[in-house]
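Everything below concerns the one structure shown next.
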Amino acid sequence: MVIASTQKVSSPVAPPSDSRERVSQGFKGLQDRICQKLAEVDGVGQFMEDQWTRPDGGGGRSRVMKEGDVFEQGGVNFSEVWGDRLPPSILMQRPEAEGHGFYATGTSMVLHPRNPYIPTVHLNYRYFEAGPVWWFGGGIDLTPYYPFEEDVVQFHRTLKEACDRNHPEYYNTFKLWCDEYFYLKHRQETRGVGGVFFDYQDGTGDLYRGPSQDGPAAQHSQQVGQPPQRSWEDLFKFAIDCGDAFLPSYVPIVEKRRHTEYGEHQRNFQLYRRGRYVEFNLVYDRGTIFGLQTNGRTESILMSLPPMVRWEYSYAPEPGTPEAKLYEIFLKPQDWVNWPG
């Protein structure tokens, strides 16, 4: 076993001189491809675009679909912001960035389908730069209400294929990190069935750069050891590849489940479970916190919230029901790629 903490960590290779322009165009292109395909899949809804400017530097374009045939509400946002004052959430994690101006950009998406048999899905891929400090981060996760095992397996296997094209241990590490990150501590349950999540990837050190050094993701990363140093180009390609894996991982689920019949009972359970989504985004979500701390556009930051939601005091599913199965199987970390079913 190679213990990462005993290895020398090299310094990140400096990004190319045109890093900001290239990553901006890359994430804009990702937004364009996703919006074009989702509008085609929905068939009725269209994305409305709002271009906005941040007073302290930067801006973005927010695209939101309302009342589509499939998507009750969904948003696909691109933003790029810059400034002289780093937000506290960054300085706590990377104090060496203090004193430098920063640049941050990314594409983020949350889709809330109307049919309870189609999962909610979230995506965010981003880039940050401040003086000598830079990194890529992001991820994707699936939040079903009435899940099908084959859908979850297909979702995870598609993500693994994209990860494997870039590094054989990306999926194995970042899947565990996703299970750790999208976890509601106050509920003691995962937000959904996970996906992949990574942060602070600058090509050096361990793959896992999170806070839980005793968790499964950290332990796996320590067993793997530090991979050979990766360049800015390597990580930029990885982020875009992960972003482009979204459509083949999710659209087949939509096509299979969009005509599944449901009633008031299923709809009410979906709205109840959406409450967990709200709780996570307002309490834990790193992108939400960063956006609010950097004086971003509030409407764009909070577009991830569902249009309708409900809470119920002390809810517990009836034993033996599909709702109970969600809690018993799908809201616990599983090895979906090797799922025996």
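Its first residue numbered 7, the sequence shown is counted upward by one per residue in our numbering.
Note that beta-carbon positions come from the ideal geometry of N, C-alpha and C, so glycine has one too.
Just so we're clear, the structure is a prediction, and the values are computed from it rather than from any experiment.
Residue state for Asn274 is assigned as helix, using DSSP reduced to three classes. Arg236 sits in coil when the DSSP states are folded into three classes, being neither helix nor strand. Tyr333 sits in a helix when the DSSP states are folded into three classes. Inclusion of Gly269 and Ser85 in the CB contact set at 8 Å is not warranted, their separation being larger than that value. If you draw a straight line from the Cα of Val260 to the Cα of Pro217, it comes to about 35 Å. DSSP places Glu135 in the uninterrupted beta strand (DSSP E) bounded by Thr126 to Ala136.
Burial state of Val127 is buried, judged by a 10 Å Cβ sphere holding 16 or more other Cβ atoms.
Rounded to whole angstroms, the gap between the alpha carbons of Leu165 and Pro258 is 14 Å. Approximately 19 Å separates the beta-carbon atoms of Ala245 and Leu182; this is outside 8 Å, ruling out the contact. One thing to note: Phe33 has its Cβ within 8 Å of the Cβ of Thr111.
Separation of the CB atoms of Thr196 and Ser227 is rounded to 20 Å, and the pair is thereby denied contact status at 8 Å.
Excluding residues up to 5 positions away in sequence, Arg316 lie with their Cβ nearer than 8 Å to the Cβ of Asn274 in the same chain.
Contact between the region 320-337 and the region 140-156 is present: three or more C-beta pairs spanning the two stretches fall below 8 Å. Here the region 270-289 does not lie against the region 53-61, with fewer than 3 beta-carbon pairs under 8 Å apart. Around the beta carbon of Pro21, 16 or more other beta carbons sit within 10 angstroms, so the residue counts as buried.
8 Å or more divides the Cβ of Tyr176 from the Cβ of Val29. In summary, Val50 is exposed, with fewer than 16 beta-carbon neighbours lying within 10 Å of its beta-carbon over all protein chains present.
Ser23 and Trp238 have their alpha carbons spaced roughly 11 Å apart.
Here Gly293 is buried: its Cβ has 16 or more other Cβ atoms, across all protein chains shown, within 10 Å. Counting the other CB atoms within 10 Å of its CB gives Arg193 a total below 16, which places it among the exposed residues. Cβ neighbours of Gln52 within its own chain (closer than 7 Å, five residues either side excluded): Ala45 and Met71. Per DSSP, the unbroken alpha helix (DSSP H) holding Val257 starts and ends at Phe252 to Arg263.
The three-state reading of DSSP puts Phe188 in coil, since its state is none of H, G, I, E or B. For Gly35, the uninterrupted alpha helix (DSSP H) run begins and ends at Ser25 to Asp48, by DSSP.
Non-local C-beta neighbours of Pro94 in its own chain, meaning closer than 8 Å and more than five positions away in sequence, comprise Gln299, ordered along the chain.
Around the CB of Gly105, fewer than 16 other CB atoms lie within 10 Å, so the residue is classed as exposed.
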